[in-house]
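Chemist: Quick one: the structure is below, questions incoming.
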Amino acid sequence: MINCSFSKFSRLLLTISYFVCSLACAREHTDVDQNIDAIKFQQEVHGVREFKLKNGMALLLIPDTRQIAVTTHLIYRSGSSKEKYGQKGLAHLLEHLLLIESGANVKKNFQGHISDFRVKGITNFDFTDYQTWPGSDTKTLKFALQYSSSMMASFNATPEQLEQAKRQVINERENTGAGRFNFLLREATSNLFTWHAYGRDPVGIPSDLQNLTLSDMQEFWYQHYRPENATLIISGKYDEADVLNTVLQLFGPISEARYEEKPIVTVEPPQNGEREIVLLRKTTAPYAIISYRAVDINHPDAAAMDLLSRVLLSAERTKNDFSDLEKIKSTRASYMLLQQAGLLMFGIDFQYGISEGIFKTKFIDVLENLPKQPVTEQAFLKAKKAAARDHMHITENSDELAFKLLTFIAGGNWQRYFTLQQDIQNYDLTQLQKKGEEWITSSNRLAITLREPVRR
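Each residue of the sequence shown is one higher than the last, beginning at 186 in this note's numbering.
Written out as structure tokens, the structure reads:
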């Protein structure tokens, strides 16, 4: 583990993974060949150009001359699933801590850029992403890349900043818990994954968050915020030669950590039995989420998750079951692709003051009636056309495509987004029916409902 002292020195890159550091830690910097060949072009897929630096960091460029500005993402393939026992929320807390630390650096050294610069962090099960909007100015783009590279190159957070980050995260947990869907989604994942780390809420829990130390932050940063675990995405309107030179100048000198990350080996067992949870909250309209476990992001049948999410709540299937629609505000269907798992989720939002029981039963019956009411050819083709339209919309906007690629980078292969679209269009109706009957069953179901307590 980390031995933390209060003296200030640079961290040397050793052959082992652990290190001695202080409140100010820096990765070793090496001299790099400033020739542009030091960034190696790898491939181009559907307009996305991939480069690789010698230190292992990947660079994806998504040119879009229709845009007037640039967006950047720096994604690390480490999220809440990489946390140790007793550290729930560490990855998310580190995200907030680094934003606070970097924000202080911006105010101190880059006053002239603040009005043109925005940044946002996201922590998920499989990744943490830092997105910046530097606008259209070349100097501000360089500043944004300086901002992102400094986060990777050094850790300079203070105990005071850590306490500030803890307050932010605990407040965020309380605020997101007020929203019904987010609250139920948090409860759903914790009950769907009782063995796997996906059962941990990325936001964290207060007791673990309060006990995390600056040493814990430094250790996680050293192990995961390293070039070979990162991908930088730049999308929008820019000069490629200038961008490559700037990236080489700022990220090239950061040495790879050579940290050997242990893979997650825990396998969640089959559910083998329906699960139902009812949560009570005063003055709330009923809301229910019905979830089914499916397959991971790289599985050939991941395409079926997309198609099933489109056909199971189609008007064709629900018109006879939801005749009393005035009592239902809305329904929603979605799916979650993760590196080691997948979920199909269906939500139903009820009007305030009604008894949701009979409608939830109808809702489940519609979903699980595939053996008696198979997916029709018409609904199947309509779902494929909808998927194709969504894909076209995403690829026409470089910012949306960059954001979409985050999940697939975390899954280990950004090109998987494009091959998944091909899989969807090539998927067979017979196979879709088979997967639907396999996944959408009572034995694989988690029904979780939020409603008011029953008045006696």
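Note that beta-carbon positions come from the ideal geometry of N, C-alpha and C, so glycine has one too.
Taking the alpha-carbon positions, what's the residue 275 to residue 517 distance?
Modeler: Distance between the alpha carbons of residue 275 and residue 517 is about 31 Å.
Chemist: If we ignore side chains and look at the alpha-carbon of each, how far apart do residue 639 and residue 364 end up?
Modeler: Those two C-alpha atoms are separated by around 21 Å.
Chemist: If you pair each beta-carbon of the segment 421-429 with each one of the segment 237-255, do three or more pairs fall below 8 Å?
Modeler: They touch, by the three-pair rule.
Chemist: Which residue spans inside the segment 307-345 form an unbroken alpha helix (DSSP H) run of at least 4?
Modeler: The qualifying runs are 323-338.
Chemist: Do you know how far the Cα of residue 486 is from the Cα of residue 347?
Modeler: Their backbone Cα atoms lie some 43 Å apart in a straight line.
Chemist: Tell me the DSSP secondary structure of residue 357 in three-state form.
Modeler: Residue 357: helix per DSSP, three-state reduction.
Chemist: Mind checking which residues open and close the alpha helix (DSSP H) that includes residue 463?
Modeler: Taken as a continuous stretch (DSSP letters only), residue 463 belongs to no alpha helix (DSSP H), being part of the beta strand (DSSP E) at 460-465.
Chemist: Between the C-alpha atoms of residue 520 and residue 480, what's the straight-line distance to the nearest angstrom?
Modeler: Between residue 520 and residue 480, the C-alpha separation is close to 11 Å.
Chemist: Let me know the secondary structure DSSP gives residue 519 once reduced to three states.
Modeler: Three-state DSSP puts residue 519 in a strand.
Chemist: By a C-beta neighbour count over all protein chains shown, 10 Å radius and 16 as the cutoff for buried, is residue 636 buried or exposed?
Modeler: So residue 636 ends up on the buried side.
Chemist: Enumerate in chain order the residues of its own chain whose CB-to-CB distance from residue 626 is below 6 Å, with the five nearest sequence positions on each side excluded.
Modeler: Counting only Cβ-Cβ distances below 6 Å, and skipping sequence neighbours, we find nothing.
Chemist: Going by the CB atoms, is the gap between residue 284 and residue 530 shorter than 9 Å?
Modeler: No. Outside cutoff.
Chemist: For residue 427, report the span of its alpha helix (DSSP H) as first-last.
Modeler: Per DSSP, residue 427 belongs to the alpha helix (DSSP H) from 425-436.
Chemist: When we look at the beta-carbon of residue 380 and count the other beta-carbons within 10 Å, is it buried (16 or more) or exposed?
Modeler: Exposed.
Chemist: Evaluate the contact criterion for the segment 599-616 versus the segment 563-578: three or more CB pairs, one atom per stretch, below 8 Å.
Modeler: Touching, yes.
Chemist: For residue 589 and residue 578, I'd like the C-alpha separation in whole angstroms.
Modeler: The alpha-carbon atoms of residue 589 and residue 578 are separated by roughly 12 Å.
Chemist: Is it true that the CB of residue 261 sits closer than 9 Å to the CB of residue 340?
Modeler: Not in contact: residue 340 and residue 261 (Cβ atoms no closer than 9 Å).
Chemist: By alpha-carbon positions, which one of 224, 248 and 382 ends up nearest to residue 230?
Modeler: Checking every option, the nearest Cα to that of residue 230 belongs to 248.
Chemist: So, are the CB atoms of residue 273 and residue 401 less than 9 Å apart?
Modeler: No, the Cβ-Cβ distance between residue 273 and residue 401 is not below 9 Å.
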